[in-house]
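First to last, the sequence lines map onto chains X and U. What the first sequence shows, in the numbering used here, is residues 1 to 366, in sequence order. What the second sequence shows, in the numbering used here, is residues 367 to 941, in sequence order. Every residue, glycine too, gets a C-beta built ideally from N, C-alpha and C.
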Amino acid sequence: MNVLTVMLNAGASLAAASSGALTLGSSGGASFWMPERASTVSADVDWVFNLITWVSIFFFVLILVLTVYFAVKYRRTEGRGAEPSPSHHTPLELTWTIIPLIIVIIIFYMGMKGYIDLRTSPANAYEINVTAKRWDWTFQHSNGCTQYDELFVPLGRPVVLKMMSDDVLHSLYIPAFRVKQDVVPGRITTLWFEATRPGIYNLFCAEYCGTEHSQMVAVVHVLPEEEFQARLQHCAQWINLVPEESLHLAGARLFSQCVSCHSLDGSRGIGPSFRETHELWGKEREFADGSRRIVDENYILDSLNNPGGEIVKGYANQMSSFRTMDDKRKRALAEFIKRLDEFELDANGRLIVPPLPTPQTPEGGQ
Amino acid sequence: MSTIHSHSSAETNYLTHSRGFLSWALTLDHKRIGVMYLVSVLLSFFFGGLFALVVRTQLIFPGMDLLTRDQYNQVFTLHGAIMVFLVIIPSVPAALGNFILPIMLGAKDVAFPRLNLMSYYLWLFGAAFFLLALFMGGIDTGWTFYTPYSTDADKGSQFAGVIPALTGVFILGFSSIFTGMNFIVTIHRMRPPGMTWFRMPLFLWATYATAVIQVLATPVLAITLGLLAMERAFGIGIFNPALGGDPVLYQHFFWFYSHPAVYIMILPAMGIISELISVHSHKHIFGYKFIAFSSIAIAIFGFLVWGHHMFTSGQSELITVIFSAITFSVSIPSAIKVFNWLATLYKGSISLNTPMLYALSFMIIFSIGGLTGLHLGTLATDIHLHDTYFVVAHFHYVMMGSALLAMIGGLHHWWPKITGKMYNETLGRIGAIGVFIGFNLTFFPQFIMGSHGMPRRYHDYSGVGWLPEMTQLYAPYHFWSSVGSYVMALAFFLTAGYLIHSIFRGRPAPANPWGGRSLEWQCSSPPPHNNFDEAPTVGDCYDYSVLEWDEAQQGYRWRPDVPRPGAGGANPYKH
Numbered sequence: 001m002n003v004l005t006v007m008l009n010a011g012a013s014l015a016a017a018s019s020g021a022l023t024l025g026s027s028g029g030a031s032f033w034m035p036e037r038a039s040t041v042s043a044d045v046d047w048v049f050n051l052i053t054w055v056s057i058f059f060f061v062l063i064l065v066l067t068v069y070f071a072v073k074y075r076r077t078e079g080r081g082a083e084p085s086p087s088h089h090t091p092l093e094l095t096w097t098i099i100p101l102i103i104v105i106i107i108f109y110m111g112m113k114g115y116i117d118l119r120t121s122p123a124n125a126y127e128i129n130v131t132a133k134r135w136d137w138t139f140q141h142s143n144g145c146t147q148y149d150e151l152f153v154p155l156g157r158p159v160v161l162k163m164m165s166d167d168v169l170h171s172l173y174i175p176a177f178r179v180k181q182d183v184v185p186g187r188i189t190t191l192w193f194e195a196t197r198p199g200i201y202n203l204f205c206a207e208y209c210g211t212e213h214s215q216m217v218a219v220v221h222v223l224p225e226e227e228f229q230a231r232l233q234h235c236a237q238w239i240n241l242v243p244e245e246s247l248h249l250a251g252a253r254l255f256s257q258c259v260s261c262h263s264l265d266g267s268r269g270i271g272p273s274f275r276e277t278h279e280l281w282g283k284e285r286e287f288a289d290g291s292r293r294i295v296d297e298n299y300i301l302d303s304l305n306n307p308g309g310e311i312v313k314g315y316a317n318q319m320s321s322f323r324t325m326d327d328k329r330k331r332a333l334a335e336f337i338k339r340l341d342e343f344e345l346d347a348n349g350r351l352i353v354p355p356l357p358t359p360q361t362p363e364g365g366q
Numbered sequence: 367m368s369t370i371h372s373h374s375s376a377e378t379n380y381l382t383h384s385r386g387f388l389s390w391a392l393t394l395d396h397k398r399i400g401v402m403y404l405v406s407v408l409l410s411f412f413f414g415g416l417f418a419l420v421v422r423t424q425l426i427f428p429g430m431d432l433l434t435r436d437q438y439n440q441v442f443t444l445h446g447a448i449m450v451f452l453v454i455i456p457s458v459p460a461a462l463g464n465f466i467l468p469i470m471l472g473a474k475d476v477a478f479p480r481l482n483l484m485s486y487y488l489w490l491f492g493a494a495f496f497l498l499a500l501f502m503g504g505i506d507t508g509w510t511f512y513t514p515y516s517t518d519a520d521k522g523s524q525f526a527g528v529i530p531a532l533t534g535v536f537i538l539g540f541s542s543i544f545t546g547m548n549f550i551v552t553i554h555r556m557r558p559p560g561m562t563w564f565r566m567p568l569f570l571w572a573t574y575a576t577a578v579i580q581v582l583a584t585p586v587l588a589i590t591l592g593l594l595a596m597e598r599a600f601g602i603g604i605f606n607p608a609l610g611g612d613p614v615l616y617q618h619f620f621w622f623y624s625h626p627a628v629y630i631m632i633l634p635a636m637g638i639i640s641e642l643i644s645v646h647s648h649k650h651i652f653g654y655k656f657i658a659f660s661s662i663a664i665a666i667f668g669f670l671v672w673g674h675h676m677f678t679s680g681q682s683e684l685i686t687v688i689f690s691a692i693t694f695s696v697s698i699p700s701a702i703k704v705f706n707w708l709a710t711l712y713k714g715s716i717s718l719n720t721p722m723l724y725a726l727s728f729m730i731i732f733s734i735g736g737l738t739g740l741h742l743g744t745l746a747t748d749i750h751l752h753d754t755y756f757v758v759a760h761f762h763y764v765m766m767g768s769a770l771l772a773m774i775g776g777l778h779h780w781w782p783k784i785t786g787k788m789y790n791e792t793l794g795r796i797g798a799i800g801v802f803i804g805f806n807l808t809f810f811p812q813f814i815m816g817s818h819g820m821p822r823r824y825h826d827y828s829g830v831g832w833l834p835e836m837t838q839l840y841a842p843y844h845f846w847s848s849v850g851s852y853v854m855a856l857a858f859f860l861t862a863g864y865l866i867h868s869i870f871r872g873r874p875a876p877a878n879p880w881g882g883r884s885l886e887w888q889c890s891s892p893p894p895h896n897n898f899d900e901a902p903t904v905g906d907c908y909d910y911s912v913l914e915w916d917e918a919q920q921g922y923r924w925r926p927d928v929p930r931p932g933a934g935g936a937n938p939y940k941h
């Protein structure tokens, strides 16, 4: 994005912001302060936010106007000293102690009520297991569908996320839903929401977790129930429908889980580039402990199951295990690396993922 | 009184009292130690500020690659750690406080001058460990050192600077504890006759409350960081769940210090503002006791609210609600101070000098910083706002716009006293207004992008997985925020320029250029080596009716027709 575009956008957004300020609290879409609302709690959270904001604006304007007015009206001029006025006035001081006290008690109560709603999940909620690891989100549905950095949720049905971390602290945050919860290694934390608007929304990692923290971003798809079920089924089963000779194409689709650490163009990332691994196919690779091994399918499978077992020379032990991934997916990835020279990158260096040869009908099943 | 100026300039002052490097390096004079702190802190501020500019430049457009992701993480960590531990915490108490506190109190020095010098060397030593951390590979943990990222070299930070940086913070902690102890004893034991508790200037009340926090809270940080260093070095398993520890425990320990530390930063700043507003309005401070006690109240409540940094951490819901409730109690004493300052302005005679412009900026900026604290103390909204730029904006409004700008305002207020020179007032006003504009342009957009969900500590706001509309949403706010930081930097360079210029070319300062009544304005500028030859007697330090403008001195003097308190032999200024 060049300077000019950003400045134009800036101008447009300021214009939008000033018109948005007038419609503070309009329903559905974004306001001056808040992003679009897409969950049942969004409106309540925004209501409390707006209440506090208006209280703040009132007091801020009061303080600003009085400060400026006094500074101008009572500015020091020739021959005019301070006028006599009391240096304390207990009833007045008690007034500006007690009024703010009452206001903050009300604000506290509103916030507590909203918080209890945010933390109390309905009994019939749909459960999704979430694993956070540097720097990817894994979402596992009960039908076996596992997705990386992509979350399907049903519209109008409460969803509970049961979250665990494989390494350090993370935090799952969906601005449009107004929900956030830290993901803590060694315990399970939960978060619930009920999406109210179909669409796609960003999901961020909000707790600093190292190098690729700003890329630990996922996409949430809010889908009507029927479409949700269809996509879920397809997600669980598409890999089974891929014929063995097209496994490398399936691997290309799975590559999105690897992209934050492994490049395809040979550039150095958190881990070695797959280009390099591809070029070493059938040849020996040297590891940090001095040992060597031929790069083949078994090497890829071992690296997925036990990444710390053989660390490529010059790299650190940073990868989490993919032990729970099913075998066909692992073989697909190995096949993808082996046949990497059949794929092309776009102008931005991103992989062009070719379509699978046999058209898949999502509802098809087995 | 009219003879004092010429009288004292004929004799030596603390700057000319002795000469040579060792006369500074081994000095026990609180004023010289204060000046050494001041130079060191301002130098650190320069580097912390440079890092901030690098951070803002990386973020000016989406997809910038000025820095790699790892470099960015190291730069924001250094910016935060330097600004918190090397700049803001020591800025007012150790730098300005060391210089002003004993004179304001009417004492010849602090209670333990050797300990005071040791505090300074501990500061230098701690700062040296920060440099060592840089040379040993850097740190990228954020200034908060959250576990298990900071303790697990395999799964967390790969950088070897973590332990040196922890050691540095540990040592700086002792520097801070010793300064606090020194101030507590000084205020208890070294008040001259007549300086009762309720005659002390409010800056001293604020510094006293700060010192209590420094002494009680900092040891907890030392223990916590000690455990952290041992965990990283020996894997003892306190905080790392892989070793049976609990990362949330670390957050409790850390914020038990670091929340009160916020008040170590803001309380002395509020003390400065109480002085600045009253002196430059030439009017008695309004509600002295409410302001004094609100400092103590903030110090006490400040110990009970650490859990509000952890609303989303996984701590229990009950404790979260309790912490939210107590958090609101801190807002009340802060509100009292702001209203009392407003009432002080009312019917005053307000000189819009540079220090006063900083004080008025403080009123406005602190109001925004304080009021947005309500959004963050409130549970329902904090869940959404936590760890976004809304929090970044909030604490910069409080830590930078309030604490640090109050320090800069105080620096201008006491500059004539410290250096004996006047700076260029016009440039001073331009600088103050430039800083105010640049500051708000930098940080106000951050509230808006934060409430729209922009997470903090992000190297970029585009890339794989980013929806283009989100990138477009945040881009203009980032752009204006970066532009604001450049405006602020220019204003600070201007400020540094005219202040340094004044040391060499400035007009000699009168004893009392602003019309202050507290004791430091009654000794010459710069003060003599011993501050006071006899114990001074004290009146109401906010009663300005006894002063009048003296055209010859270009400063204020005691009205000849008004007897001094304890007039007669007790007058310390009559030789």
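Local Cβ density within 10 Å of residue i, reported as buried at 16 or more and exposed below that
i	result
X:Met67	Residue identity differs from the one stated: residue 67 of chain X is Thr in this sequence, not Met. Its Cβ being crowded by 16 or more others within 10 Å, X:Thr67 is buried.
U:Asp475	buried
X:Glu245	exposed
X:Thr23	At X:Thr23 the pLDDT is 39, less than 50, meaning the model places this residue with poor confidence; the figure from the coordinates comes in the next sentence. X:Thr23 is exposed by the Cβ-count criterion.
X:Gly282	exposed
X:Arg292	exposed
U:His396	buried
U:His961	With chain U represented from 367 up to 941, any question about residue 961 of chain U goes unanswered, as that position is not in the structure.
U:Pro929	exposed
X:Thr90	exposed
CB-CB length for residue i against residue j, believed under 8 Å
i	j	result
U:Phe569	U:Gly637	4 Å
X:Val48	X:Met110	5 Å
Nearest neighbour of residue i, chosen from the options [CA to CA]
i	options	result
U:Leu591	U:Ala575, U:Gly601, U:Tyr616	U:Tyr616
U:Pro626	U:Met449, U:Ile455, U:Gly831	U:Ile455
U:Asp826	U:Ala499, U:Phe845, U:Phe810	U:Phe845
X:Thr189	X:Phe152, X:Val130, X:Gly81, X:Gly314	X:Val130
U:Ser624	U:Thr584, U:Val407, U:Gly463, U:Cys907	U:Thr584
X:Asn202	U:Asp395, U:Ala759, U:Ser828	U:Ser828
X:Asn348	U:Gly539, U:Ile657, U:Leu471, U:Val830	U:Val830
U:Ser768	U:Ala572, U:Pro634, U:His741	U:Pro634
X:Pro354	X:Val312, X:Phe59, X:Ala250, X:Ser260	X:Ala250
X:Ala367	X:Ala236, X:Thr211, X:Pro175, X:Gln229	In the structure as shown, chain X starts at 1 and stops at 366, and residue 367 of chain X therefore has no counterpart that could be examined.
U:Val528	U:Thr513, U:Phe540, U:Gly539	U:Thr513
U:Gly800	U:Met502, U:Pro879, U:Phe859, U:Leu433	U:Phe859
U:Gly882	U:Val453, U:Ser640, U:Phe536, U:Thr443	U:Ser640
U:Phe756	U:Gln812, U:Leu726, U:Phe620, U:Phe413	U:Gln812
U:Asn482	U:Pro428, U:Val401, U:Leu500	U:Val401
U:Thr510	U:Met561, U:Thr443, U:Met502	U:Thr443
Requested in this report: Output, in sequence order along the chain, the residues in the region 192-225 of chain X whose CB is closer than 9 Å to any CB in chain U.
Outcome: Cβ proximity to chain U below 9 Å picks out Ile200, Tyr201, Asn202, Leu203, Phe204, Cys205, Ala206, Glu207, Tyr208, Cys209, Gly210, Thr211, Glu212, His213, Ser214, Gln215, Met216, Val217, Ala218, Val219 from the region 192-225 of chain X.
Requested in this report: Compile a chain-ordered list of the residues in the region 735-753 of chain U whose CB is closer than 8 Å to at least one CB of chain X.
Outcome: Going along the region 735-753 of chain U in chain order, one finds Leu737, Thr738, Leu740, His741, Gly743, Thr744, Leu745, Ala746, Thr747, Asp748, Ile749, His750, His752, Asp753 with a Cβ nearer than 8 Å to chain X.
Query - chain U contacts made by the region 111-126 of chain X, where a contact means CB separation under 7 Å - result: So the list reads Gly111, Met112, Gly114, Tyr115, Leu118, Arg119, given in the order they occur along the chain.
Query raised in the report: Given 8 Å as the limit, is there contact between the region 854-862 of chain U and the region 795-815 of chain U, that is, 3 or more CB pairs closer than that?
Result: Yes, since at least three Cβ pairs between the region 854-862 of chain U and the region 795-815 of chain U fall closer than 8 Å, the two stretches touch.
Report task. Check whether the region 307-326 of chain X touches the region 219-226 of chain X, counting contact only when three or more Cβ pairs, one atom from each stretch, lie closer than 8 Å. Result -> Too few Cβ pairs lie closer than 8 Å, so no.
Query raised in the report: Going along the region 156-190 of chain X in order, which residues come within less than 7 Å of chain U, judged by CB to CB distance?
Result: So the list reads Asp167, Val168, Leu169, Ser171, Tyr173, Pro175, Arg178, Val179, Lys180, Gln181, Asp182, Val184, Pro185, Gly186, Arg187, Thr189, given in the order they occur along the chain.
Requested in this report: Could you please tell me which residues of the region 435-448 of chain U, in chain order, have their CB closer than 8 Å to any CB of chain X?
Outcome: Correct list: Arg435, Asp436, Asn439.
**Report entry** Where the region 64-97 of chain X meets chain U: residues whose CB sits under 7 Å from a CB there
**Finding:** For the region 64-97 of chain X, the set of residues with a beta-carbon nearer than 7 Å to any beta-carbon of chain U comprises Leu64, Leu66, Thr67, Phe70, Ala71, Tyr74, Arg75, Arg76, Arg80, Gly81, Ala82, Glu83, Ser85, Ser87, His88, Glu93, Trp96, Thr97, in chain order.
Query raised in the report: For the region 869-889 of chain U against the region 466-474 of chain U, are there 3 or more C-beta pairs whose distance is under 8 Å?
Result: Yes, the region 869-889 of chain U is in contact with the region 466-474 of chain U.
Requested in this report: Could you run through the region 647-659 of chain U and flag, in chain order, every residue whose CB is less than 9 Å away from some CB of chain X?
Outcome: Against chain X - using a Cβ distance shorter than 9 Å - the residues of the region 647-659 of chain U are Ser647, His648, Lys649, His650, Ile651, Phe652, Gly653, Tyr654, Lys655, Phe656.
Requested in this report: Answer yes if the region 648-656 of chain U comes into contact with the region 786-800 of chain U, meaning at least three C-beta pairs across the two stretches below 8 Å, and no otherwise.
Outcome: Segments in contact, no.
Query raised in the report: Of all the residues that make up the region 283-307 of chain X, which are near chain U by a beta-carbon distance shorter than 9 Å?
Result: Within the region 283-307 of chain X, no residue has a Cβ that lies closer than 9 Å to any Cβ of chain U.
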